[in-house]
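Visitor: Quick one: the structure is below, and I'll ask about it shortly.
Protein chains in written order, with the numbering used here: chain A, 1 to 333; chain B, 334 to 666.
Structure below.
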C-alpha cells in the first residue's frame, strides 16, 4: 500500500545531561508518521552517525527534549512522492536517530556508493571526512615538509586528518588515548604518537617538536590547544574542528581553551574555526581523492558498528568517554 | 671634508625596565662614527618614531643594554659612498633613536614626500599606517555595512583604522581613554566611542553592538580582546595588530589575552596576527589611497611632536602611559 502511514521509532533525549552522559538520558519512542504529502519521500535508515558534538546540543537546549533529533544518517528511499527521489536510491541526510524518516530533499545528498562499503560514506567519505579534508588542506593549508599536530587522532575525523597529512608529505605528530596509540603507529602510519593521559604529555609534545609546529588540527580544545599554541611557529595555522574536552562539561560555551599571547601576536599566526558548508566546491575533489586512497589502501579507517536503534544511547556514552576507535555508527537492518 | 668621522648621539637603555617605564631607564650616549666605507651613507635623522611596542624589547632582552636601538626614523642623506643614495635624498630606515646614522641600503625606503608634510610619512603614510591598512583591509577583510570595533582608537594605528573603516562604509565603534573620545567623535568621525576606563565599559560595548561584531581590529589584547571575542558574529575576523595592555607588564609573553571558546569554535571565526612585510605588494595602493584621503581631508591625523633627542625617554613614558593622541614623533633640527 503506497504512501501509507507508518510508525517510526526515534531516539529521544528526555532530560538535559548534567555531568557525564548516561544511557538514562535517552529513551526509544514511537511516533506515527502521517501519509506522505506531495514532495515527500520515506527513508528507511541503514546507518546512523554517532557524533560526539551532539552531546553539547543534548545538554544545552538546541536539541529538543522528547522530540526527534537532527543527526546524519544514510538510508534507502522506500516510498516517494518526490519527482527526484525514487525508491531504491541511497541518500545521506540529517533526519537521523530514527529508523524511518520523511525526506523533502533539503540537506539531502544522493550517494552513488558503487563498490564502496556504505560505511565509508558515514566516515572518511562523509561529513566527518570532509571536515578533516577541508580543515587540513583549505583552512590550515598544510604543505609538504611541515610539522603537523592532530589531536584526538584516532577518532573519526582525526584518523583521516593524520593520514591526509602523511600523504601530503607532512611530518605528523598525533595525540590519542593509550589504547589507540598502536593503531595510529601500525595502521595509520603516524611516526610520533603521544598519550594525552601521560602525566608528562606536554613535555613529550615539546620534545617531539623541537623545531616547532606549523599546523595544528584541533579536535580537542583546552589544554591541548594551549600546548599547541605555545609551540606554534611563525606563520603557523590552527584549524579548530572540535572541542571534545569541553563537550561533557557543565559550561562548554564559556570553557576557556587556549590563551592568545604575545608569542602569537608577533608570529603571524592564524587560528580559525570553520564549517564544511562554506567549502562545498571541494566536495567532488575530496570524494575522488579520498575515494582513490581508500581503494588503494593508502588510507585505512576503522568503523565501530553497533546494531539496532536501542544501541544508540550506549554508543554515545562510550564515544564521549573516549572508548571508540575511528568512526562509530549504528546499523539498522 | 667628505666621509669624515663624526660623533653620533644615541638613546640607550641602561637597565631592563621592571614595572612602569621610567626616564631613568635611558641615557643619551655619544658614539664616534668610523669613516664611511664604500656602500655606506650618512643619514642626519629628522624624525624619530616613538612606538609603544619597543617597551617590550627594552624590557625583555631583544634590545641591547647600552647599545644602539633598532627603531624607525626618517632622515636626510648628508654624505654617501653608496651609488643609489645621494646627499639630499630623504630616506625611511630603522637606525632610529640617534641623530646621525650609517645606512647601507638594507631596510631602507626612499621617500618622495613632495608637498606632503614629512610627519605624514612617520604616521599615516608610514609603517603604522600600513599596519592599519593591511590589518583592516587584507587581514580582517572589512566590508561595507559590517560592524567594526577598533581598540586604542586614538593612537597612531587606531586613528587611521577607524577612519579607513568609516571610508569603506563600515559601522565603527571605537574604544579609547576619556580625554581622547571628543577627538574621535569630532575629528575622526566615529559614531560610537567607549571609554575603556569606565567601570561598565564592557556592558556599554555590548549595548553599542546589539547585532554583534564582524571585525575587531585589536591594538590592546587582554580584556578588550576577550570582550570582542564574546561579541563576534559568525564569519567574524580579528586582526591582532598590537597588545598594548601587556607591554608594561612583567611577563607580556605569557599574558593571557582572550580565551578561545565554544562560541568561536562554532562560528567560523578567524583570529590572525600579521606583519606588513608579508603584504608589500599593497604598499603602492596604500600610499596612493591614504595619500589622496589625507590631501582631501577625508582622513585627519594628529602628530605629537617633541623636539630634541633628549625628549625621547619622556616621550616613551607618556606614550606607554596612554597620554598621547595620534602619532608621537621626536623632531631633530
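Ideal Cβ positions, reconstructed from N, Cα and C, are used throughout, including at glycine.
Taking any Cβ of chain B, which residues in the region 138-161 of chain A have a Cβ under 8 Å from it, in chain order?
Guide: Those would be none; no residue qualifies.
Visitor: For residue 667 of chain B, return the contacting residues in chain A, with the cut-off set at a CB-CB distance below 7 Å.
Guide: Limits of chain B in this structure are 334 at one end and 666 at the other, which puts residue 667 of chain B out of reach.
Visitor: Give me the subset of the region 195-221 of chain A whose CB atoms are less than 8 Å from a CB atom of chain B, sorted by chain position.
Guide: For the region 195-221 of chain A, which is checked against every Cβ of chain B, the residues closer than 8 Å are 221.
Visitor: DSSP on residue 156 of chain A, reduced to helix/strand/coil?
Guide: DSSP places residue 156 of chain A in helix when its eight states are reduced to three.
Visitor: Three-state secondary structure (DSSP) at residue 484 of chain B?
Guide: Coil.
Visitor: Does residue 341 of chain B come out as helix, strand or coil in the three-state DSSP assignment?
Guide: Strand, per DSSP.
Visitor: So with CB distances below 7 Å, who are the chain B contacts of residue 175 of chain A?
Guide: By Cβ distance, chain B contributes nothing, its closest Cβ being about 18 Å from residue 175 of chain A, past 7 Å.
Visitor: Which one or two residues does DSSP pair with residue 103 of chain A in a beta bridge?
Guide: Its beta-bridge partners are A/41.
Visitor: Whole angstroms are fine: how far does the CA of residue 399 of chain B sit from the CA of residue 422 of chain B?
Guide: Taking the straight line joining both Cα atoms gives about 30 Å.
Visitor: Can you name the residues of chain B whose CB is closer than 8 Å to the CB of residue 344 of chain A?
Guide: What the structure shows of chain A is the stretch from 1 to 333, and residue 344 of chain A is not part of that stretch, so it cannot be assessed.
Visitor: From the beta carbon of residue 465 of chain B, is the nearest beta carbon of chain A less than 8 Å away?
Guide: It does not; no Cβ of chain A falls within 8 Å.
Visitor: Using three-state DSSP, classify residue 189 of chain A as helix, strand or coil.
Guide: Correct three-state label for residue 189 of chain A: coil.
Visitor: With the cut-off set at 8 Å, would you say residue 214 of chain A and residue 146 of chain A are in Cβ contact?
Guide: Yes, the Cβ-Cβ distance between residue 214 of chain A and residue 146 of chain A is below 8 Å.
Visitor: Could you give the distance in angstroms between the alpha-carbon of residue 500 of chain B and the alpha-carbon of residue 13 of chain A?
Guide: Cα to Cα, the separation comes out at about 51 Å.
Visitor: Of the choices A/174, A/100 and A/240, whose alpha-carbon is the least far from that of residue 29 of chain A?
Guide: Of the candidates A/174, A/100 and A/240, the one whose C-alpha sits nearest the C-alpha of residue 29 of chain A is A/100.
Visitor: In terms of residue numbering, what span does the beta strand (DSSP E) encompassing residue 406 of chain B cover?
Guide: First-last of the beta strand (DSSP E) with residue 406 of chain B: 406-413.
Visitor: In its own chain, which residues sit with a C-beta less than 8 Å from the C-beta of residue 1 of chain A, not counting the 5 before and 5 after it?
Guide: A caution first: residue 1 of chain A carries a pLDDT of 49, below 50, which makes its placement in the model too unreliable to give a value.
Visitor: Taking the beta strand (DSSP E) that residue 366 of chain B belongs to, which residues open and close that run?
Guide: 359-366 is the span of the beta strand (DSSP E), which, as asked, contains residue 366 of chain B.
Visitor: Report all residues from its chain with a CB closer than 7 Å to the CB of residue 607 of chain B; omit the five preceding and five following residues, and keep chain order.
Guide: 467, 468, 472 and 572.
Visitor: Cβ closer than 9 Å: which chain A residues qualify as neighbours of residue 578 of chain B?
Guide: Result: empty, since nearest Cβ-Cβ is about 11 Å, beyond 9 Å.
Visitor: Buried or exposed for residue 73 of chain A, going by 16 or more other Cβ atoms inside 10 Å?
Guide: Burial call: buried.
Visitor: Verify the CB distance criterion: does residue 460 of chain B have a CB-CB separation below 8 Å to chain A?
Guide: False, the Cβ-Cβ gap to chain A never drops below 8 Å.
Visitor: Is it right to say residue 618 of chain B is buried, meaning 16 or more other beta carbons lie within 10 angstroms of its own, or is it exposed?
Guide: Classification of residue 618 of chain B: exposed, given that the 10 Å Cβ count is below 16.
Visitor: Cutting at 8 Å between CB atoms, please list the residues of its own chain near residue 510 of chain B, excluding the five before and the five after it.
Guide: Closer than 8 Å at the Cβ level, and outside the excluded window around residue 510 of chain B, lie 487, 528, 529, 530 and 655.
Visitor: Hey, could you find the ends of the alpha helix (DSSP H) residue 651 of chain B is sitting in?
Guide: Run containing residue 651 of chain B: 645-653, per the alpha helix (DSSP H) assignment.
Visitor: Are the C-beta of residue 275 of chain A and some C-beta of chain B separated by less than 8 Å?
Guide: So yes, residue 275 of chain A belongs to the interface.
Visitor: For residue 431 of chain B, count neighbouring C-beta atoms within 10 Å of its own C-beta (all shown protein chains included) and say buried if the count is 16 or more, exposed if not.
Guide: So residue 431 of chain B ends up on the buried side.
Visitor: Do the region 102-113 of chain A and the region 35-55 of chain A meet, that is, are 3 or more Cβ pairs less than 8 Å apart?
Guide: The region 102-113 of chain A is in contact with the region 35-55 of chain A.
Visitor: Check this for me: beta carbons of residue 578 of chain B and residue 554 of chain B, under 8 Å apart or not?
Guide: Their beta carbons are under 8 Å apart, which means residue 578 of chain B touches residue 554 of chain B by this criterion.
Visitor: Which residues in the same chain have their Cβ closer than 6 Å to the Cβ of residue 565 of chain B, if we skip the five residues on either side of it in sequence?
Guide: 546 and 602, listed in sequence order.
Visitor: Pop quiz: residue 8 of chain A and residue 33 of chain A are said to be a contact at Cβ under 8 Å. What is the actual Cβ separation, rounded to whole angstroms?
Guide: Sure, about 5 Å apart at Cβ, within 8 Å.
Visitor: State yes or no: is the beta carbon of residue 395 of chain B nearer than 8 Å to at least one beta carbon in chain A?
Guide: False, the Cβ-Cβ gap to chain A never drops below 8 Å.
Visitor: Let me know the secondary structure DSSP gives residue 88 of chain A once reduced to three states.
Guide: Looking at residue 88 of chain A - three-state DSSP - the assignment turns out to be coil, as it is neither helix nor strand.
Visitor: Please return the same chain residues whose Cβ sits closer than 8 Å to the Cβ of residue 224 of chain A, not counting the five positions on each side in sequence.
Guide: Counting only Cβ-Cβ distances below 8 Å, and skipping sequence neighbours, we find 151, 175, 196, 218 and 245.
Visitor: Assign residue 386 of chain B to one of three DSSP states: helix, strand, or coil.
Guide: Reduced to three states, the DSSP call for residue 386 of chain B is coil.
Visitor: Which residues in chain A have a C-beta closer than 9 Å to the C-beta of residue 611 of chain B? List them in chain order.
Guide: Correct list: 235 and 268.
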